[in-house]
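I have placed the structure first, in the form of structure tokens, so that the comments after it can refer back to it.
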Amino acid sequence: MAFPSRRSCSLHTIFFCIFFLIGLSFAEEASHDDDSPKFPACDHPYNLVKVKNWVNGAGGETLTGITARFGALLPKEERNGVRLTAIFSNPLNSCSPSSSNLSGSVAMAVRGDCDFTTKAKVAQSGGAAALLVINDKEELAEMGCEKDSSAQDVSIPVVLIPKSGGESLNRSVVDGQKVELLFYAPVRPPMDLSVIFLWMMAVGTVVCASLWSEIAASEEAEERYNELSPKETSNVSAFKDNAEKDFLDIDVKSAVVFVITASAFLLLLYFFMSSWFVWLLIVLFCIGGIEGMHNCITTVILRICKNCGRKKLNLPLLGETSLLSLIVLFCCVAFAIFWAINRQASYSWAGQDILGICLMITVLQVARLPNIKVATVLLCCAFVYDIFWVFLSPIIFHQSVMIAVARGDNSGGETIPMLLRIPRFADPWGGYDMIGFGDILFPGLLVSFAFRYDKTNKKGIANGYFIWLTVGYGVGLFLTYLGLYLMNGHGQPALLYLVPCTLGTCVLLALVRGELKNLWNYSSEEASSRVSSGDA
38 MAFPSRRSCS LHTIFFCIFF LIGLSFAEEA SHDDDSPKFP ACDHPYNLVK VKNWVNGAGG
98 ETLTGITARF GALLPKEERN GVRLTAIFSN PLNSCSPSSS NLSGSVAMAV RGDCDFTTKA
158 KVAQSGGAAA LLVINDKEEL AEMGCEKDSS AQDVSIPVVL IPKSGGESLN RSVVDGQKVE
218 LLFYAPVRPP MDLSVIFLWM MAVGTVVCAS LWSEIAASEE AEERYNELSP KETSNVSAFK
278 DNAEKDFLDI DVKSAVVFVI TASAFLLLLY FFMSSWFVWL LIVLFCIGGI EGMHNCITTV
338 ILRICKNCGR KKLNLPLLGE TSLLSLIVLF CCVAFAIFWA INRQASYSWA GQDILGICLM
398 ITVLQVARLP NIKVATVLLC CAFVYDIFWV FLSPIIFHQS VMIAVARGDN SGGETIPMLL
458 RIPRFADPWG GYDMIGFGDI LFPGLLVSFA FRYDKTNKKG IANGYFIWLT VGYGVGLFLT
518 YLGLYLMNGH GQPALLYLVP CTLGTCVLLA LVRGELKNLW NYSSEEASSR VSSGDA
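The end of the sequence shown is residue 573 by this note's numbering, with every number in the run present.
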């Protein structure tokens with residue numbers, strides 16, 4: 038099997054898949070505490086609460102709850118919390134005085150029949166030290182104040198937990214076991230050090246993809262072709278002809294169609310999101326990750342050891358292929374399968390990032406921007422796409438479509454894998470800092486073009502474009518996370534910052550240097566022919 042033709046077909050297939058799997062700009066929403074007075078009327082922020090529980094002295098799974106807009110504030114550290122016995126109110130809705138002795142305990146009540154402030158005042162009048170409300174749904178709900186309610190009279194903390202957590206506690210109480218609870222509300226830091234590593238990963242991916250042609254230099258590429266598919270005729274010219282087919286130049290029409298199609302696909306995910314749909318995306322991601330990982334590993338190995346690909350095997354259906362290629366392919370498939378099986382594990386983010394980075398490096402080798410005109414159309418369309426689906430879509434759909442899809446609503450607990458993510462190691466609530474593939478691929482196409490332009494036109498670091506666009510991309514990511522901080526953790530459309538910092542930098546530099554016209558109508562073929570004739 039001729040390696041270049043197989044590679045061309047498979048890489049174009051990967052680009053076709055990534056065409057529809059545009060990355061999502063989303064970062065998890067964070068909660069922030071403020072310096073509220075101890076017993077305000079109804080102006081507490083909604084804070085997440087850790088509910089630790091013990092059954093007959095044995096520690097159970099920590100539950101997650103949410104505070105009310107009224108009542109006493111909870112301590113921020115576990116050591117400052119008080120461990121209290123939990124008792125169900127009687128009646129269970131806590132809408133009327135309880136016949137149970139609630140003195141010094143955590144009163145547990147079910148949601149419904151009366152407002153939250155009434156439940157809290159009834160529990161407080163019965164001597165309860167805190168009130169735990171069990172929701173009738175699995176989601177957490179906000180406990181506000183009814184109009185004209187006297188919330189300032191509530192001086193005990195009020196917490197709501199999901200239905201499943203309440204059912205677990207209820208089983209223990211019904212069985213006659215002693216249940217004890219402790220509430221505390223740790224502060225989620227606005228930023229985590231993981232953001233720095235995520236920034237480095239994103240910038241490193243763009244730089245690595247741009248410089249990949251230097252790793253797989255032309256001399257090495259010719260050797261690679263000779264090793265994997267030896268022919269008696271002109272191998273070098275055959276390789277160069279096939280290599281040109283490996284690249285997919287984006288034009289203006291395809292740039293516009295791309296963004297329109299991505300919008301349609303995003304709507305499909307929003308309306309028809311389900312576990313099987315996410316599984317389809319996971320399979321496509323694994324296929325793309327396997328191809329990308331195979332391409333990156335074989336390129337690096339053959340760069341180091343040129344003789345590693347000489348051993349050939351003649352296999353049914355596949356024909357003649359390299360033993361090295363088969364071994365690497367087997368390892369990549371095993372890696373992807375292992376990640377898919379263990380994708381819910383705490384360490385799965387590492388495998389997802391490895392597959393994703395390899396996939397994006399390969400995509401940035403296949404898809405190329407021919408000039409700044411196409412780059413302007415593509416990035417401006419993506420700019421509008423990102424802003425609309427994050428900030429403006431709630432006007433039509435009553436919630437941010439982009440954030441809803443990235444969050445995996447109605448996906449049965451599955452998450453979309455087209456993200457680079459790193460755990461928030463210093464965050465007591467866990468979670469991940471994330472960046473979508475689109476926020477790397479779109480600017481990465483422009484940065485890669487800048488590197489090829491500088492190389493063809495023999496530009497240095499100072500008078501070139503590559504280094505300045507790389508710096509611009511890094512600054513744009515920094516501004517994205519700064520915006521995330523200033524917006525209290527609300528998901529940000531990263532391209533809002535990345536497009537001006539990359540495309541804007543390129544256009545501004547070109548204007549100052551008087552090279553905008555050349556960049557606007559640039560053709561790599563014409564430039565290469567001019568360089569060749571000049572060398573001659």
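Don't be surprised by glycine CBs; every beta carbon is placed ideally from N, CA and C.
Beta-carbon proximity check, residue i vs residue j, cutoff 9 Å
i, j, result
"A123", "V216", "yes"
"F462", "W236", "no"
"A412", "L540", "yes"
"V243", "T517", "no"
"E225", "P465", "Contrary to the premise, residue 225 reads as Arg rather than Glu in this sequence. Closer than 9 Å, so yes."
"R106", "G203", "no"
"L392", "I327", "yes"
"N127", "V147", "no"
"F308", "R405", "no"
"I398", "A531", "no"
"L85", "G102", "yes"
"M471", "C395", "no"
"V442", "M524", "no"
"L100", "Y221", "no"
"I2", "L519", "Here the chain has residues from 38 to 573 only, and residue 2 is not among them."
"S231", "Y469", "yes"
Residue range of the unbroken alpha helix (DSSP H) whose run includes residue i
i, result
"V88", "Note, V88: premise wrong, no alpha helix (DSSP H); beta strand (DSSP E) at L85 to V92."
"F420", "I409 to I424"
"I198", "Careful: I198 lies outside any alpha helix (DSSP H), inside the beta strand (DSSP E) at V195 to I198."
"G241", "S231 to I252"
"L306", "V289 to F309"
"T542", "T542 to R550"
"P226", "Here P226 belongs to no alpha helix (DSSP H), and DSSP marks it neither H nor E."
"P431", "S430 to F434"
Among the options, the one whose alpha carbon lies nearest that of residue i
i, options, result
"V320", "I453, G467, D150 and A166", "I453"
"P401", "I432, L206, C333 and S362", "The residue you asked about is not Pro; residue 401 is Leu in the sequence shown. Residue C333 is the option with its Cα nearest to L401."
"L219", "L121, L521 and L85", "L121"
"A95", "K349, S209, S135 and S201", "S209"
"A178", "V512, V196 and Q161", "V196"
"N351", "V88, V289 and L360", "L360"
"L339", "V92, V365 and L354", "V365"
"E114", "Q189, Y490, P223 and V86", "P223"
"F474", "A239, D229 and F234", "A239"
"L305", "V211, M439 and T358", "M439"
"E451", "L482, I378 and L545", "I378"
"V294", "Q161, L139, R550 and A419", "A419"
"A253", "K348, K343 and L429", "K343"
"L303", "S437, L533, D80 and G551", "S437"
"V88", "C151, N138, D80 and L206", "L206"
"Y534", "P353, G513 and C417", "G513"
"G346", "L548, L363 and V549", "L363"
"A166", "L139, C151 and F153", "L139"
"D173", "S162, F153 and S201", "S201"
"G481", "K492, A547 and V536", "V536"
"V403", "S135, G325, R550 and D212", "G325"
"N494", "L556, L546 and V484", "L556"
"A301", "D229, C368, W426 and S250", "W426"
N- and C-terminal bounds of the beta strand (DSSP E) containing residue i
i, result
"D470", "Y469 to G473"
"S359", "G356 to S359"
"I453", "Here I453 belongs to no beta strand (DSSP E), and DSSP marks it neither H nor E."
"V216", "V216 to Y221"
"L406", "Element bounds for L406: n/a, residue is neither H nor E."
"L100", "L100 to T104"
8 Å contact criterion, which residue i and residue j should meet: CB distance rounded
i, j, result
"G141", "G164", "7 Å"
"Y559", "P407", "7 Å"
"V159", "S133", "7 Å"
"E176", "P199", "7 Å"
"V296", "Y422", "5 Å"
"F479", "L415", "7 Å"
"V191", "A157", "4 Å"
"P227", "Y522", "5 Å"
"C543", "Y510", "Wrong, their Cβ atoms sit about 11 Å apart, outside the cutoff."
"Q214", "V92", "5 Å"
"Q578", "R458", "What is shown of the chain runs 38 to 573, which leaves residue 578 out entirely."
"M455", "F322", "6 Å"
Contact with chain B by residue i, beta-carbon distance below 9 Å
i, result
"G325", "No chain B appears in the structure shown, which is made up of a single protein chain."
What beta strand (DSSP E) runs, 3 residues minimum, are completely inside the stretch 457–508?
469–473
Segments assigned alpha helix (DSSP H), at least 4 residues, entirely inside the stretch 318–404
360–378 and 385–403
Let me know the beta strand (DSSP E) ranges lying completely inside the stretch 107–169, each 3 residues or longer, listed in chain order.
121–125 and 143–147
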